[in-house]
Amino acid sequence: MPSRPSTPPTTDDAGREPLTASAAYVHVPFCRHRCGYCNFTLIAGRDELQQHYLDALELELSGLSRPHEVQTLFVGGGTPTQLRPALLRRFLDLLARWLPVAPSGEFSVEANPNDLDPTCVETLAAAGVSRVSLGVQSFQPRLLQVLERDHSPESALAAIERAHEAFPSVSLDLIFAVPGGSFDDWRRDLQIGADCGADHISTYGLTFDKGSAFWSRRERGALNAADEELERRMYLEAIEYLESRGLEHYEVSNFARSGHRCRHNVNYWLGGNYLAFGPGAARHEDGRREVNHRSTTAYIRRMHAGQSPVAEWEDLGPRDRAKELLIFALRMRAGVQREWFRNRTGYDLDHLAGEAIRAHVAAGRMHDDGVTVQLSLEGLLVSDAMLVDFV
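Residues in the sequence shown are numbered consecutively from 1047, following my numbering.
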């Protein structure tokens, strides 16, 4: 991390240039419990803090000084729908006041299937939510138990049906390579996801992140990761099967029907500016990157004390910004066009990363036709490991 200024930045610094971000993320940290695989910023079993969180969030949002219209607004967690009904309405009212979504914009909210009852659906729809992302993870009872999810396949399907009736776009998260899960289990999950009419499906291989309960159990030998070859087959099956069902594989982990890409995340992958609010939220504005305190209680305490919520910050130089853009943009299946990259960054792609590109092309992990550089199928399988070569 570069040297820091003596005073951390805030969203209402005097003399700050007008915000240019057309996207915003708001983090709601509450969950009923922390699933074993989860290493996200959240607080479980502390719903008594919800009111205090909203008070703190209102203080942070008020730092904007005036409403800031956005093209995309993404509410994640945690579990945003864990907010009690009256507090969920207050939360959505705060967003409408400070972060109004443009008429043609995208308003996404993550939801737990068990929370998406008729009252919750009505509340979200009335607030203008246009896209709901459901953390289904699996439709197999045995695998849901392994993942420590609190919903059943039946409740997930009921939530999906209610979501389709109320929202223009419905997205599902599915996890593969779950311990004890078979290839046939994964194929059934993909089939059910497509059959239920999901407009967007995100597929993630289970990871054992340090700090998660699953990581600790694996270290003790109490939980084993799936075989690497099985994980590879599952990922390739997702690409082949979902594309055969009309969902375009547009990013390493994401599939969408026509017109249903997650516009918020596309902005992120293509280097757009974005605001962020709430515990652990990360924002980016013209090379300045900031991250709020991850602790919900610290975030609340600091906001009520009139202090900045920011815990970490850095200013990226033009070269580092160009490299970061390349890393994220390469996640898109369309790849990176040389002319587009030069226009966006001022850097020639081959001067910046030619050696790494040539090495990965030679290894079969990338394609390069002279105009566009993109990941090959082999590259998609190892994208997280190989993209660090461009840092």
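Idealized CB from N, CA, C, for every residue including glycine.
Item to check | 4-residue-minimum alpha helix (DSSP H) runs that sit fully inside the stretch 1336-1394, ordered along the chain | outcome: Runs of the alpha helix (DSSP H) inside the stretch 1336-1394: 1342-1350, 1364-1375 and 1384-1391.
Next on the checklist: Considering only the alpha carbon of each residue, which of PHE1301, ARG1347, ILE1346 and PHE1323 lies closest to SER1179?
Outcome noted: For the purposes of this step, residue 1179 is identified with residue 133 of the sequence shown, where counting begins at 1. Residue PHE1301 is the option with its Cα nearest to SER1179.
Checklist entry - Under the DSSP definition of a beta bridge, which residues are partnered with GLY1122? => result Here residue 1122 corresponds to residue number 76 of the sequence shown, with the count starting at 1. Paired residues: HIS1073.
Checklist entry - Three or more beta-carbon pairs under 8 Å between the stretch 1343-1352 and the stretch 1096-1114, yes or no? => result yes
Checklist entry - Taking all protein chains shown into account, do 16 or more other C-beta atoms lie within 10 angstroms of the C-beta of PHE1229, making it buried, or fewer, making it exposed? => result In the sequence shown, residue 1229 corresponds to position 183, counting from 1. When all chains shown are included, PHE1229 counts as exposed.
Checklist entry - Where VAL1192 and PRO1225 are concerned, what is the direct C-alpha to C-alpha distance, given to the nearest angstrom? => result The residue labelled residue 1192 in the question sits at position 146 within the sequence shown. The residue labelled residue 1225 in the question sits at position 179 within the sequence shown. In a straight line, the C-alpha of VAL1192 is about 8 Å away from that of PRO1225.
Next on the checklist: HIS1098 and THR1087 - do their beta-carbons sit closer together than 9 Å?
Outcome noted: Residue mapping note: residue 1087 aligns to position 41 of the sequence shown, counting from 1. Residue mapping note: residue 1098 aligns to position 52 of the sequence shown, counting from 1. No. Outside cutoff.
Next on the checklist: Classify VAL1321: buried if its beta carbon has 16 or more other beta carbons within 10 angstroms, exposed otherwise.
Outcome noted: By 1-based counting over the sequence shown, the position of residue 1321 is 275. Note that residue 1321 is Leu in the sequence shown here, rather than Val. It is buried - the Cβ of LEU1321 has at least 16 other Cβ atoms within 10 Å.
Item to check | PRO1149, DSSP secondary structure in three states | outcome: Taking the first residue of the sequence shown as 1, we reach residue 1149 at position 103. PRO1149 falls in the strand class under three-state DSSP.
Checklist entry - If you draw a straight line from the alpha carbon of SER1304 to that of HIS1406, how long is it in whole angstroms? => result As a first step, residue 1304 must be located in the sequence shown, where it is residue number 258. As a first step, residue 1406 must be located in the sequence shown, where it is residue number 360. In a straight line, the C-alpha of SER1304 is about 31 Å away from that of HIS1406.
Checklist entry - GLN1183 bridges to which residues according to DSSP? => result Reading the sequence shown from its first residue, position 137 is the one you call residue 1183. Residue pairing by DSSP places GLN1183 opposite LEU1220 in a beta bridge.
Next on the checklist: Below 8 Å, how does it come out for the stretch 1331-1340 and the stretch 1357-1370: are there three or more Cβ pairs, yes or no?
Outcome noted: As far as the Cβ criterion goes, the stretch 1331-1340 touches the stretch 1357-1370, which means the pair count is three or higher.
Item to check | Straight-line gap, GLU1283 to TYR1250 (C-alpha atoms, nearest Å) | outcome: For this step, residue 1283 is matched to residue 237 along the sequence shown. For this step, residue 1250 is matched to residue 204 along the sequence shown. Taking the straight line from one Cα to the other gives about 13 Å.
Item to check | Where GLN1353 falls, given that 16 or more other Cβ within 10 Å makes a residue buried | outcome: Residue mapping note: residue 1353 aligns to position 307 of the sequence shown, counting from 1. GLN1353 is classed as exposed because its beta carbon has fewer than 16 other beta carbons within 10 Å across all chains shown.
Checklist entry - When DSSP labels each residue in this structure, what does PRO1055 get in the three-state scheme? => result As a working mapping, residue 1055 is identified with position 9 in the sequence shown. Its pLDDT being 42, under 50, PRO1055 is placed unreliably by the model, and nothing is read from it.
Next on the checklist: Just to confirm my understanding: we take GLN1096, look at its own chain, exclude 5 residues before and 5 after, and list those with CB closer than 7 Å. What are they?
Outcome noted: Residue mapping note: residue 1096 aligns to position 50 of the sequence shown, counting from 1. Excluding sequence neighbours, GLN1096 sits near PHE1076, LEU1129, ARG1130 and LEU1133.
Item to check | CB of ALA1204 within 9 Å of CB of PHE1120, strictly | outcome: Position 158 of the sequence shown, counted from the first residue, corresponds to residue 1204. Position 74 of the sequence shown, counted from the first residue, corresponds to residue 1120. Cβ atoms of ALA1204 and PHE1120: not closer than 9 Å.
Next on the checklist: Using a 10 Å radius around the Cβ and a threshold of 16 neighbouring Cβ atoms, would you call VAL1437 buried or exposed?
Outcome noted: Position 391 of the sequence shown, counted from the first residue, corresponds to residue 1437. Label assigned to VAL1437: exposed.
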